[in-house]
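Numbering (this note's numbering), first residue to last: 2 to 188.
Every residue gets a Cβ at the ideal spot worked out from N, C-alpha and C, and that includes glycine.
Quick caveat: nothing in here was measured; it's all calculated off a predicted structure.
These notes concern the structure reproduced below.
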């Protein structure tokens, strides 16, 4: 039995290193492309580049707090660590995202997020990212290019006016009318 078709063998990388030739791995929903001109070093082991969408290891509550409803996808690359080369990942999001920005965030080991790059989604629904490292990632889709803005802005709290209360021991400012009918009494 051979290696899974999502694994890049070091032998294949050695064969194209320094040449304008590509290794392509096409799977349902994504395609990896490695050009030999972009290979700086060959890893010591074969690279499994399978992608798991919506992996269970990611903290969905933390993701929701930071990204709100902008998350289009979360994924994990089977291999973890530096590649030793530049690889392009064409990732399918869907045509409903065409013309929007697909912002890629790396999920750090401490659970925080690091912005990697924002890509305009093409008409077919693909975003094309440049990778040098494999780990866990989140794609947040926005209408405008991501520049550090809060992806899950909190609704503004209404400013409550303090109620004005008159202390009970202070005389009221409203004068009461008194009806002086006692002086006009007839007997």
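Proximity to residue i [Cα-Cα], best of the options
{"i": "residue 99", "options": "83, 111, 73, 88", "result": "73"}
{"i": "residue 50", "options": "105, 84, 150", "result": "84"}
{"i": "residue 21", "options": "28, 96, 31, 40", "result": "40"}
{"i": "residue 145", "options": "120, 55, 12", "result": "120"}
{"i": "residue 80", "options": "13, 129, 128, 44", "result": "44"}
{"i": "residue 59", "options": "122, 147, 123, 112", "result": "112"}
{"i": "residue 152", "options": "28, 57, 66, 12", "result": "66"}
Alpha-carbon to alpha-carbon, residue j and residue i
{"i": "residue 52", "j": "residue 110", "result": "18 Å"}
{"i": "residue 18", "j": "residue 62", "result": "42 Å"}
{"i": "residue 143", "j": "residue 102", "result": "5 Å"}
{"i": "residue 150", "j": "residue 116", "result": "11 Å"}
{"i": "residue 30", "j": "residue 70", "result": "21 Å"}
{"i": "residue 91", "j": "residue 130", "result": "6 Å"}
{"i": "residue 14", "j": "residue 6", "result": "15 Å"}
{"i": "residue 122", "j": "residue 128", "result": "5 Å"}
{"i": "residue 104", "j": "residue 147", "result": "7 Å"}
{"i": "residue 10", "j": "residue 48", "result": "6 Å"}
{"i": "residue 55", "j": "residue 42", "result": "31 Å"}
{"i": "residue 192", "j": "residue 125", "result": "With the chain covering 2 to 188 only, the question about residue 192 has no answer from this structure."}
{"i": "residue 26", "j": "residue 46", "result": "17 Å"}
{"i": "residue 12", "j": "residue 57", "result": "33 Å"}
{"i": "residue 137", "j": "residue 28", "result": "18 Å"}
Where the alpha helix (DSSP H) containing residue i begins and where it ends
{"i": "residue 189", "result": "As displayed, the chain neither begins before 2 nor continues past 188, which places residue 189 out of reach and without an answer."}
{"i": "residue 140", "result": "Premise fails: residue 140 lies in the beta strand (DSSP E), 127–143, not in any alpha helix (DSSP H)."}
{"i": "residue 35", "result": "It is not in any alpha helix (DSSP H) - residue 35 instead sits in the beta strand (DSSP E) that spans 31–40."}
{"i": "residue 63", "result": "61–68"}
Cβ shell of residue i (< 6 Å), same chain only, five flanking positions each side left out
{"i": "residue 88", "result": "33, 35, 132"}
{"i": "residue 135", "result": "78, 80, 81"}
{"i": "residue 96", "result": "126"}
{"i": "residue 8", "result": "47, 49"}
{"i": "residue 141", "result": "68, 71, 72, 104, 152"}
Which of helix, strand or coil DSSP assigns to residue i
{"i": "residue 8", "result": "strand"}
{"i": "residue 107", "result": "strand"}
{"i": "residue 95", "result": "coil"}
{"i": "residue 55", "result": "coil"}
{"i": "residue 148", "result": "coil"}
{"i": "residue 20", "result": "coil"}
Beta-carbon proximity list for residue i, same chain, < 7 Å, skipping 5 on both sides
{"i": "residue 139", "result": "64, 68, 72, 75, 106, 108, 114"}
{"i": "residue 177", "result": "With a pLDDT of only 45 at residue 177, under the threshold of 50, the placement of this residue in the model should not be trusted; the figure read from the coordinates follows. So the list is empty, once near-sequence residues are dropped."}
{"i": "residue 93", "result": "30, 31, 126, 127"}
{"i": "residue 23", "result": "34, 35, 36"}
Residue range of the unbroken beta strand (DSSP E) whose run includes residue i
{"i": "residue 24", "result": "23–28"}
{"i": "residue 43", "result": "Residue 43 -> no beta strand (DSSP E), and no H or E assigned at all."}
{"i": "residue 121", "result": "114–121"}
8 Å CB neighbourhood of residue i in its chain, flanking five on each side removed
{"i": "residue 118", "result": "104, 105, 130, 131"}
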